[in-house]
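Visitor: Take the position in the sequence shown, starting the count at 1, then add 4; the result is the number in the working numbering. The beta carbon of each residue, even a glycine, is placed where N, CA and C say it ideally should be. Only a predicted model underlies this, so the values are computations on that prediction, with no experimental measurement involved. Quick one: the structure is below, questions incoming.
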Amino acid sequence: MSAFGGTKFFTGGLLRATLDYNGNFGINAESLSKKLDVGGDVLLRNLSNAPGAGSTISFSSYDVQHLGPKIYSYLDFASGLASSSRLILSSYNNGYMNEVTLVGGRVGIGTLNPREALSVNGSIRAREITVETDHWPDYVFDAGYKMLPLPELESYLLTKKHLPDMFSAEEIQSNGQKIGEVNAKLLKILEELTLRIIEKDRQLQQQHQRILAQDQRMDKLESSLNRLLRSK
């Protein structure tokens, strides 16, 4: 049924859809205030078996100001082989593109292909971050723990140009660094250094005691010699 006020679609004597005079379209809805008004569930699908086929629904807005920058944003829900089933929220403002992607349970900020649970291509500011790790190096203080002797450590440093059990500059540049793992390695180095300082202090104290004992013996010898010289 159609008229100047719009068009209505009926099946089985029931109103199924409405296109009003403002260009608003409704499914199972009559009083339309939006361009699309659906009174019920919506299913989007793509039944094509072609390689790379998928389904996508996009929401976008675009604004070009004659005296200002270009501004636009869009929200994409996509599934299928072509898009790897992802949700993309993007905005563009004055030459800068900002994107948030959800794909395969991973979130990307500033990247469309997150490799971790959260991948951020940019800076992060946080008041506090808690990093959990299963391997904390307190075993360094176990009685049977053996540290690398200093001559071997020196040889390693001269050859490898980095501390043992620590990443090289090339590895960090290629793979980045895992904060929890790096912190554990740094703590291990600090604990070993603390043990070396304690051992060095013990050696210095022992050396100091030996020097004191030698000084006392020298004083006694000097006193004995002086008494002997005076007795002549």
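1. Excluding the 5 residues preceding and the 5 following Phe145 in the sequence, name in chain order all residues of the same chain whose CB lies nearer than 8 Å to its CB.
2. I need the straight-line Cα distance from Glu158 to Leu197, nearest angstrom please.
3. Using the Cα positions of Gly30 and Gly44, report the straight-line distance between them to the nearest angstrom.
4. At a cut of 8 Å, does the stretch 132-140 reach the stretch 174-184 through at least three beta carbon pairs?
5. Indicate whether Gly112 and Pro118 have their beta-carbon atoms separated by less than 8 Å.
6. At the level of alpha carbons, what is the spacing between His70 and Lys165?
7. May I ask you to report which of helix, strand or coil DSSP gives Leu19?
8. Please tell me whether Leu106 and Arg90 are closer than 8 Å, where the distance is taken between their beta carbons.
9. Work out the CA separation of Thr15 and Val68 for me, nearest whole Å.
10. Reducing DSSP to helix, strand and coil, say where Glu103 ends up.
Guide: With the structure as the only source:
1. Glu195, Leu199
2. 14 Å
3. Inter-residue distance for Gly30 and Gly44 is about 11 Å (C-alpha atoms, whole angstroms).
4. yes
5. yes
6. Bear in mind that a pLDDT of 45 at His70, under 50, signals an unreliable position, so the number given afterwards is only what the model happens to contain. If I take the Cα positions, the gap works out to 58 Å.
7. strand
8. yes
9. At Val68, the pLDDT of 49 sits below 50, so the modelled position is not reliable; the number obtained from the coordinates is stated separately. Rounded to whole angstroms, Val68 to Thr15 spans 43 Å at the Cα level.
10. Secondary structure at Glu103: strand, using DSSP grouped into helix, strand and coil.
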